[in-house]
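*Asks:* Structure provided below as structure tokens; questions to follow.
Number of protein chains: 2
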Amino acid sequence: MFSSADVSEQPDVSSTPSTKSERTRALVRDIALRSFRERGYDATTIRLVATEAGMSVGATHYHFPSKHHLVQELYLDVQAAHRAAAEPLLEASDDLIERLGIVYRTGLDGLAPYHPFAPEFLSAAVSPRSPINPLSTESAPALAIVRGLFADAITGARTRLPVELEERLPDALTLAHLLLALFWVYDRSPGQVRSRRLVDRGLGLLKGALPLVRTPLLRKPVRDLLDLVAEVRA
Amino acid sequence: MFSSADVSEQPDVSSTPSTKSERTRALVRDIALRSFRERGYDATTIRLVATEAGMSVGATHYHFPSKHHLVQELYLDVQAAHRAAAEPLLEASDDLIERLGIVYRTGLDGLAPYHPFAPEFLSAAVSPRSPINPLSTESAPALAIVRGLFADAITGARTRLPVELEERLPDALTLAHLLLALFWVYDRSPGQVRSRRLVDRGLGLLKGALPLVRTPLLRKPVRDLLDLVAEVRA
Numbered sequence: 001m002f003s004s005a006d007v008s009e010q011p012d013v014s015s016t017p018s019t020k021s022e023r024t025r026a027l028v029r030d031i032a033l034r035s036f037r038e039r040g041y042d043a044t045t046i047r048l049v050a051t052e053a054g055m056s057v058g059a060t061h062y063h064f065p066s067k068h069h070l071v072q073e074l075y076l077d078v079q080a081a082h083r084a085a086a087e088p089l090l091e092a093s094d095d096l097i098e099r100l101g102i103v104y105r106t107g108l109d110g111l112a113p114y115h116p117f118a119p120e121f122l123s124a125a126v127s128p129r130s131p132i133n134p135l136s137t138e139s140a141p142a143l144a145i146v147r148g149l150f151a152d153a154i155t156g157a158r159t160r161l162p163v164e165l166e167e168r169l170p171d172a173l174t175l176a177h178l179l180l181a182l183f184w185v186y187d188r189s190p191g192q193v194r195s196r197r198l199v200d201r202g203l204g205l206l207k208g209a210l211p212l213v214r215t216p217l218l219r220k221p222v223r224d225l226l227d228l229v230a231e232v233r234a
Numbered sequence: 001m002f003s004s005a006d007v008s009e010q011p012d013v014s015s016t017p018s019t020k021s022e023r024t025r026a027l028v029r030d031i032a033l034r035s036f037r038e039r040g041y042d043a044t045t046i047r048l049v050a051t052e053a054g055m056s057v058g059a060t061h062y063h064f065p066s067k068h069h070l071v072q073e074l075y076l077d078v079q080a081a082h083r084a085a086a087e088p089l090l091e092a093s094d095d096l097i098e099r100l101g102i103v104y105r106t107g108l109d110g111l112a113p114y115h116p117f118a119p120e121f122l123s124a125a126v127s128p129r130s131p132i133n134p135l136s137t138e139s140a141p142a143l144a145i146v147r148g149l150f151a152d153a154i155t156g157a158r159t160r161l162p163v164e165l166e167e168r169l170p171d172a173l174t175l176a177h178l179l180l181a182l183f184w185v186y187d188r189s190p191g192q193v194r195s196r197r198l199v200d201r202g203l204g205l206l207k208g209a210l211p212l213v214r215t216p217l218l219r220k221p222v223r224d225l226l227d228l229v230a231e232v233r234a
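These protein sequence lines are chains A and B, in that order.
Okay, so the first sequence: first residue is 1 according to full-length UniProt numbering, each after it adds one.
Okay, so the second sequence: first residue is 1 according to full-length UniProt numbering, each after it adds one.
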């Protein structure tokens, strides 16, 4: 399993900066991301980032008009690292449950360094009015990476699901990922082992339930459950 | 169905104040609860409440050392009104699904007046470190009222559930209630009609699934699901 240290060693996915302006932007961004990881959300300020970059606050504002824009960079960075950690592992398995487990577990790995500051991130992001809410329009590109990972995990598995289920499962799994992240913020067990056990249990439940989804008995409850998820995601 | 106006007419459940100190406490409390309902969480301050009560800040501190203590009064007030709204309706039905619907729907009715301010309450309460977190020790008495309502809804229904399910269902339903409240904060539909539809769909799903819980096929998945909920609630 990839440790969080390994994840942070993944190459930066943003294009290599070429112009001076792009290099400045990358510098500010990298300093901000390290500050979020090391100081948390509350203690990271544009002023502090500017000072560490040896720039004026005005100059950083040109690239990032507010702290919220830096958080969106953080989301993209975390999810790009998530994808980079998950993809090589996904190549090694065609078992659906294993593949979903890879996506959830590498997701938790990538979040690990942020756990000490997770409550303050949550307070800042949880309001539906917050520009750093994970469900906001601004955060859509980062969330799309997670959804894409779940879609890939399903498409690349040898198990064939009923079309209706295959199409709607990625949204349900992404919602479960967000609820898992919420649980993880509350998880005070060493190494957040309870969050990992929750993944194991959830996947065990899915494994037991999947062979049943084609039975006439369960077709309607399963469709109802997917309707419920669609209602939540709408 | 009880409107939120009806709910607010329910008699106060705290004992009738007799001493001067008790009357002062009740006055401060009532002014604070009205302020939370009318101004929201952020704009309600101890100073403002003290002014409206014609008291010094120090005098209110004697009864309520912080704003958090007033929020706990609010939680108790909302849940006591929830119980008062649900109980007479529960007497009129012995159908399990209907009874659960009564608890969820009267819960949403009671929350309705707070919807404009719900995002700011959520931001303040969501951190696991927040003293007004609904899962905190301080908030346990209010949450116990909700759990008790679900337990009563089950015990008073004519449907007999397997013991294992009956014992563990109230926790699962209380967790669902908290997640419903989270969804409701995000619900921008008129009158939060989508939250009500979510209740309808969820109960429809439960209604379809309940006859199946005794089948050998589903006994294990159901137990796994309850284990998962127990893991989350622990």
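Each residue gets a CB set at the ideal place from its N, CA and C atoms; glycine is no exception.
The model shown is predicted, which means the values in this text are computed figures rather than measured ones.
I'd like the list of long-range same chain contacts for B:E38, defined as Cβ closer than 6 Å, with 5 residues on each side in sequence excluded.
*Replies:* Taking the second sequence and counting its residues from 1, the one referred to as residue 38 of chain B is at position 38. Counting only Cβ-Cβ distances below 6 Å, and skipping sequence neighbours, we find nothing.
*Asks:* Alpha carbon to alpha carbon, how far is A:L173 from B:K20?
*Replies:* Taking the first residue of the first sequence as 1, we reach residue 173 of chain A at position 173. Taking the first residue of the second sequence as 1, we reach residue 20 of chain B at position 20. When the Cα atoms are used, A:L173 and B:K20 turn out to be separated by approximately 57 Å.
*Asks:* What are the uninterrupted segments assigned as alpha helix (DSSP H) that are 4 or more residues long and contained completely in the UniProt DNA-binding region "H-T-H motif" (45 to 64) of chain B, given in chain order?
*Replies:* Runs of the alpha helix (DSSP H) inside the UniProt DNA-binding region "H-T-H motif" (45 to 64) of chain B: 46 to 52, 57 to 63.
*Asks:* Under DSSP, the alpha helix (DSSP H) around residue 235 of chain B begins and ends at which residues?
*Replies:* Residue 235 of chain B is absent from the model: chain B starts at 1 and stops at 234.
*Asks:* Around the C-beta of A:G101, are 16 or more other C-beta atoms found within 10 angstroms, so that it is buried, or is it exposed?
*Replies:* Locating residue 101 of chain A in the first sequence gives position 101, counting from the first residue. Within 10 angstroms of the beta-carbon of A:G101 lie 16 or more other beta-carbons, which makes it buried.
*Asks:* In the segment 112 to 131 of chain B, which residues sit with their C-beta less than 8 Å from some C-beta in chain A, listed in chain order?
*Replies:* P119, E120, L122, S123, A124, V126, S127, P128, R129, S130
*Asks:* Along the alpha helix (DSSP H) that carries B:Y186, what are the first and last residues, could you check?
*Replies:* In the second sequence, counting from the first residue as 1, residue 186 of chain B sits at position 186. Its alpha helix (DSSP H) spans residues 163 to 186.
*Asks:* Show which residues of chain B have a CB atom less than 7 Å away from the CB atom of A:E98.
*Replies:* For this step, residue 98 of chain A is matched to residue 98 along the first sequence. Per Cβ cutoff of 7 Å: no residues; A:E98 is ~18 Å from chain B at best.
*Asks:* So which residues of chain B does A:P221 contact, with C-beta pairs closer than 8 Å?
*Replies:* Residue numbering aside, residue 221 of chain A sits at position 221 when the first sequence is read from its first letter. Going along chain B in sequence order, the residues near A:P221 (Cβ under 8 Å) are L205, G208, A209, L212.
*Asks:* Mind listing the chain B neighbours of A:Y186? Cutoff is C-beta to C-beta under 8 Å, in chain order.
*Replies:* The sequence position of residue 186 of chain A within the first sequence is 186, counting from 1. Neighbours of A:Y186 on chain B, chain order: P128, L135.
*Asks:* Exposed or buried, which one is A:G58 when buried takes at least 16 other CB atoms within 10 Å?
*Replies:* As a first step, residue 58 of chain A must be located in the first sequence, where it is residue number 58. Exposed, because fewer than 16 other Cβ atoms sit within 10 Å of the Cβ of A:G58.
*Asks:* The alpha helix (DSSP H) that contains B:R160, what's its start and end?
*Replies:* Here residue 160 of chain B refers to the residue found at position 160 when the second sequence is read from its first residue. Looking at the DSSP string, B:R160 is not in any alpha helix (DSSP H), and its letter there is neither H nor E.
*Asks:* Using the Cα positions of B:L108 and B:A84, report the straight-line distance between them to the nearest angstrom.
*Replies:* Numbered from 1 along the second sequence, position 108 holds the residue referred to as residue 108 of chain B. Numbered from 1 along the second sequence, position 84 holds the residue referred to as residue 84 of chain B. Those two C-alpha atoms are separated by around 14 Å.
*Asks:* In terms of residues, what are the limits of the alpha helix (DSSP H) holding A:F36?
*Replies:* Taking the first residue of the first sequence as position 1, residue 36 of chain A is located at position 36. That run of the alpha helix (DSSP H) goes 20 to 43.
*Asks:* Using CA coordinates, which residue listed in B:L180, B:F121, B:I46, B:Q79 is at the minimum distance from B:F64?
*Replies:* The residue labelled residue 64 of chain B in the question sits at position 64 within the second sequence. With distances taken between Cα atoms, B:F64 lies closest to B:I46.
*Asks:* Quick check: what's the CA-CA separation for A:E231 versus B:R197?
*Replies:* Start at 1 with the first residue of the first sequence, and residue 231 of chain A comes out as number 231. Start at 1 with the first residue of the second sequence, and residue 197 of chain B comes out as number 197. Cα to Cα, A:E231 sits roughly 9 Å from B:R197.
*Asks:* How would you label B:E164, buried or exposed, when you count the other beta carbons within 10 angstroms and need 16 or more for buried?
*Replies:* Working through the second sequence from its first residue, we reach residue 164 of chain B at position 164. By the 10 Å Cβ count, B:E164 comes out exposed.
*Asks:* Could you give the DSSP three-state label for B:A5: helix, strand or coil?
*Replies:* Walking along the second sequence from the start, residue 5 of chain B turns up at place 5. In this prediction, B:A5 has a pLDDT of 36, which is less than 50 and means its spatial position is unreliable; nothing more can be read from the coordinates.
*Asks:* Do we get a CB-CB distance below 7 Å when we pair A:D224 with the residues of chain B?
*Replies:* Residue mapping note: residue 224 of chain A aligns to position 224 of the first sequence, counting from 1. Yes, contact with chain B.
*Asks:* Along chain A, in chain order, which residues have C-beta atoms closer than 8 Å to that of B:R47?
*Replies:* Translated into the one-based positions of the second sequence, residue 47 of chain B becomes position 47. Near B:R47 there are no residues of chain A at all, since even the closest Cβ is about 23 Å away, more than 8 Å.
*Asks:* Under three-state DSSP, which class holds A:P119?
*Replies:* On the first sequence, position 119 is the one that residue 119 of chain A refers to. Note: A:P119 maps to helix in three-state DSSP.
*Asks:* Given a threshold of 16 other Cβ atoms within 10 Å of its Cβ, counted over all protein chains shown, does B:A124 qualify as buried or as exposed?
*Replies:* Residue numbering aside, residue 124 of chain B sits at position 124 when the second sequence is read from its first letter. The residue is buried, with at least 16 neighbouring Cβ atoms inside 10 Å.
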